Structures are given as structure tokens and as C-alpha cells.
Amino acid sequence: MKIALMDSGIGLLAAAAAVRRLRPDADLVLSSDPGSMPWGPRTPEDLTALALDVARAAAAQRPDALIVACNTASVHALPTLRSELEPALPVIGTVPAIKPSVTGGGPIAIWATPATTGSPYQRGLIREFAGSVTVTEVPCPGLADAVEHADEPAIDRAIAAAAALTPRDVRAVVLGCTHYELVAERIRAAVRQPGLPPVALHGSAGAVAAQALRRIGVAPAPSAEPAAGLTVLLSGRTAELPEPALAYAEGQLLGAVSPAR
Numbered sequence: 021m022k023i024a025l026m027d028s029g030i031g032l033l034a035a036a037a038a039v040r041r042l043r044p045d046a047d048l049v050l051s052s053d054p055g056s057m058p059w060g061p062r063t064p065e066d067l068t069a070l071a072l073d074v075a076r077a078a079a080a081q082r083p084d085a086l087i088v089a090c091n092t093a094s095v096h097a098l099p100t101l102r103s104e105l106e107p108a109l110p111v112i113g114t115v116p117a118i119k120p121s122v123t124g125g126g127p128i129a130i131w132a133t134p135a136t137t138g139s140p141y142q143r144g145l146i147r148e149f150a151g152s153v154t155v156t157e158v159p160c161p162g163l164a165d166a167v168e169h170a171d172e173p174a175i176d177r178a179i180a181a182a183a184a185l186t187p188r189d190v191r192a193v194v195l196g197c198t199h200y201e202l203v204a205e206r207i208r209a210a211v212r213q214p215g216l217p218p219v220a221l222h223g224s225a226g227a228v229a230a231q232a233l234r235r236i237g238v239a240p241a242p243s244a245e246p247a248a249g250l251t252v253l254l255s256g257r258t259a260e261l262p263e264p265a266l267a268y269a270e271g272q273l274l275g276a277v278s279p280a281r
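So the sequence shown is numbered by the working numbering: it starts at 21 and just counts up by one.
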């Protein structure tokens, strides 16, 4: 079994680690193009072309499924990717976890890139799933880039700026960019208010990983014998995990059990 994941950069690590935990025996393909980051400010046409290149590189490895581990690419390129690759290769997109975030009754905040914040796509999800729950959209300029480069001071600044825009009474935060899941606990600490329970964080990695297994008809098997297969593709070329990836627990997990080849 082989599962491929694609993103502009290392935001795919969270979903890859989730797949690894559900199926340690699955070979993984991580396909990205960090040189083209960020994708958010690009035109939909440009972004779709970049996503197609990254997806084709992953598809050439003959995986059983492809996870589009990027919110922005899922918004703009998912129909094109599915048109080209399905039904031979199931393609699973990433949607912000707004629906599960409102189960506690709110209020909630959605942290996302400036390009996604206030977009028709995100507003549509809010109308569809949030109901009467109060929702605050919080732009996080620079956070994805800071996470991509494991730039600790820049991560701290971007999180602090977004936390300052997050209402004090928020009970849940939706992580609307896959990169943000790599610094989830730092976000939780930044938005916690004295005397109140910790804020619930809602990412997409676990749900996307589970959906990929469902699409190929495979059940989770967390106790399965670990595989040794991890193929890393940067702009279509075989590489090792980028050094910044190893700054995060998810990258360390993948590197520890699946040396790059």
C-alpha cells in the first residue's frame, strides 16, 4: 500500500504523520514544490498549474491514493486534479474543519492565510456549517512561510499577531492551513485565557488520512508492522526530508521510521 501526499511545502507533514499512525505499514510519497511558495497569492490558473505538476510527480510513483494536503490547492485545483487523475487514482482534498468545531456551541475563530480569509470559499463553508455560531475570521500573514522555514522568531510573531485578533471568548480555533497544524500547541498556548479551559483546536489531518483509507477500502491498523518506504519529491526530484521538517514532531516521526530514499 502506498499513499501520496502533495502540498506547496511541508504542510503535508501533519497528514502524512496521521497516515503513518493509522497505517504504519503504508509506504508514503511526499511531493512538494517549496520553491514556488507561497501559493496563496497566485492566480487560480497559476496555482492549478503548479498543483498539477506536483500531483503528476506523485502520481508517477503509482500510489493507491493522493491526498491534497493543502487548503489553498484544494480550493482552486481539486476539480482539475480529479478530472485528470480519477478514477485511476483517488484524490482526497483538504477542507477546514469548521463543521466539527461548532459542536461545542462556539464562539469559534478560523485562522487562515490572508488569501483564504474572507474568501467566497471560506464564507460558503461558514454559512453551510456554522449556523448561528459566532465566527471570527483571523488572517495569519507570514505564519505559513515561517513554519515552512522553521523560523522560530517569525512563528512567534505571527502567532502573537493572530492571537491578538482572536476574541477572548473563543472556545475553538479552526486551523485553516495545513502548515498551522505543525505548531498547534503553540497556537493553543497563545489563545488560552486565564481561568478558562484550553481552547479546542480543529485541524484536518486526521480526517483526511482516514478518508484516504476509506477511499481505497483499507481499515486502520495502528499496530501493523512499520514500513520502510518514504519517497520525498521536491519539484519532481527525489530528495531527503528538508531540514526544517525535522524541527517538528511530525517530521521527526516520519524520518525516524522511514528513512528517505
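Every residue, glycine too, gets a C-beta built ideally from N, C-alpha and C.
None of these values were measured; they are calculated from a predicted model.
Item                                                                                                    : Value
Sequence-distant residues of its chain with Cβ nearer than 8 Å to leucine 115 (five each side left out) : According to the sequence as given, residue 115 is valine; it is not leucine. Cβ neighbours of valine 115 beyond the five flanking positions: Asn91, Ser94, Leu145 and Ser224.
Proximity of threonine 136 and glycine 196 at Cβ, strictly below 8 Å                                    : yes
CB of glycine 254 within 8 Å of CB of alanine 78, strictly                                              : The sequence shown places leucine at residue 254, rather than the glycine named in the question. No, these two residues do not count as a Cβ contact at 8 Å.
Validate contact between the stretch 26-41 and the stretch 156-169 using beta carbons, cut 8 Å, 3 pairs : yes
Unbroken beta strand (DSSP E) run spanning serine 51, endpoints                                         : 47-52
Three-state secondary structure (DSSP) of aspartate 27                                                  : strand
Given 8 Å, three or more beta-carbon pairs between the stretch 34-44 and the stretch 59-75              : no
8 Å contact criterion, which aspartate 47 and alanine 247 should meet: CB distance rounded              : 5 Å
Pair within 8 Å by beta-carbon distance, leucine 25 and alanine 89                                      : yes
As assigned by DSSP and simplified to three states, the class of proline 242                            : coil
DSSP three-state assignment for alanine 280, whether helix, strand or coil                              : Caution applies to alanine 280, whose pLDDT of 39 falls short of 50 and renders its modelled position unreliable; the value that the coordinates give is listed next. Strand, per DSSP.
Extent of the continuous beta strand (DSSP E) run through leucine 185                                   : Premise fails: leucine 185 is in no beta strand (DSSP E) and is neither H nor E.
contact_flag[the stretch 179-190, the stretch 124-141] where n(CB pairs < 8 Å) is 3 or more             : yes
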